[in-house]
Every structure is written in C-alpha cells, then in structure tokens.
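Below is one structure; the comments refer to it alone.
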Amino acid sequence: MKVYTKKGDSGTTQLIGGTRVLKSSLRIEAYGTVDELNSYIGLIRDQEVSKEIAAQLLEIQDRLFTMGSKLAADPEASKMKLPELHDEDVENLENWIDKMDESLEPMRSFVLPGGHTTVSFCHLARCVCRRAERISVDLNAHQTIDSILLTYLNRLSDYLFVLSRKLSKDLNATEHPWVARM
2 MKVYTKKGDS GTTQLIGGTR VLKSSLRIEA YGTVDELNSY IGLIRDQEVS KEIAAQLLEI
62 QDRLFTMGSK LAADPEASKM KLPELHDEDV ENLENWIDKM DESLEPMRSF VLPGGHTTVS
122 FCHLARCVCR RAERISVDLN AHQTIDSILL TYLNRLSDYL FVLSRKLSKD LNATEHPWVA
182 RM
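Under my numbering, think of the first position of the sequence shown as 2, with each following residue one higher.
If you want it as structure tokens, here you go:
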C-alpha cells in the first residue's frame, strides 16, 4: 500500500466514515492540532526524564491517538468501532498532577516559560494543547463532540504546566517569576 493516494490533491480529505471535507475544516484543524500536540509530547518523552514520567507521557500519547481517531470520524457516517476516552483517563492526569504538585513550592506568581530546553518543550506542548482545546471547543459549537475530549485537553494543559515546574526542579533550572512593570 502506498502512502500517497493523490485523493487529497484538490484540498479535501476523507474522514472515518467516508465523508470528504476540506483540509481546512474545523474537524481537520482539531485532530491535526492534537497530532501536533502528540509530537511535542514525544519530544518531551525523548528528553532525560524519569521512567515514571516517560511512562505517563507514553500513556498520554496513546490517549491522544484515541482522541484523534474520535475527531477524525464523521459522527453521522462512521460505523467503525473506535477506542474511547474514559473518566479514568482524566483522573490519571489529576493524580499525576497532585503527586508532582506535592514536591513543588506553592506558586506566588506566573512563571515565564524557559529555564531548560526540556522545560521549554513542556511549555510549547502546553500552548499547543490549549490551541487544540480552543479549536475543539469551536468544533463542538458547530458539531457536538464527546465532552470528555474537552475535559481531557483542559486537564492535560494543567498536567503539562505542572510537569514543566516539576522538571524545572528536577533539572535544577531557575523558574523566573513574571513581575509586571507598572
């Protein structure tokens, strides 16, 4: 089977279920941004992180593939059985956040992104996650999607922020608080 089909040369692509849509549609933007996020998560996982964090990131990548498949399916035309996101997936993120947060100093101000390359990758992933969430919210306003997708993205951005702080601590990087100029 060849990777290229030439069917998308005119600017359309096929959803799971056979429906053809413009490559610029909200649905394509949503799952394309989730795919971009998944690549950033892989980039973080490729850094020197603990086995525990690497395992969490691998689980997150799996969940993002599930999300992408849900977003890539035409909800009216697809008959394909797809994997599901569950409340337990959100709870995993919350548990991981809580565990990391226990070892961190309380936040007293916003933190400027940076301090170490790995930390910066976390912030980039967090920003892409927020964009995926915004696009998915917009898609949901036009065509209902499963609400757990929105919940998962919202919690994942929190996870990525706390992970950036945890990795700052683990890597002895300096967190620079934002001090507003008045």
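Yeah, the Cβ is synthetic: ideal placement off N, Cα and C, and Gly gets one too.
Item checked: Classification of Thr145 by the beta-carbon crowding that lies within 10 angstroms, buried from 16 upward -> exposed
Next item on the list: Check whether the segment 172–181 touches the segment 111–118, counting contact only when three or more Cβ pairs, one atom from each stretch, lie closer than 8 Å.
Entry: yes
Next item on the list: Please determine, among Asp139, Ser70 and Phe122, the residue with the shortest C-alpha to C-alpha distance to Ile42.
Entry: Phe122
Margin query: Per the DSSP calculation, His87 is bridged to which residue(s)?
Written below: Beta-bridge pairing links His87 to no other residue.
Check: Who are Val112's beta bridge partners in DSSP?
Finding: In DSSP, Val112 forms a bridge with Pro178.
Notebook entry, point to check: If you follow the alpha helix (DSSP H) that Thr118 is part of, which residue opens it and which one closes it?
Noted result: Thr118 to His143
Note to self: So, does the segment 117–131 touch the segment 152–161, judging by three or more C-beta pairs under 8 Å?
What the structure shows: Judged by pairs of C-beta atoms under 8 Å, the segment 117–131 touches the segment 152–161, as three or more such pairs exist.
Check: Just the Cα atoms here: how many angstroms apart are Leu27 and Pro76?
Finding: 14 Å
Item checked: For Thr152, the first and last residue of its enclosing alpha helix (DSSP H) -> Ser148 to Asp171
Check: Could you give the distance in angstroms between the alpha-carbon of Asn93 and the alpha-carbon of Lys170?
Finding: 22 Å
Note to self: Per DSSP, what are the beta-bridge partners of Leu23 in this structure?
What the structure shows: BP columns for Leu23 point to Thr13.
Checklist line | Given 8 Å, three or more beta-carbon pairs between the segment 138–152 and the segment 95–104 | finding: no
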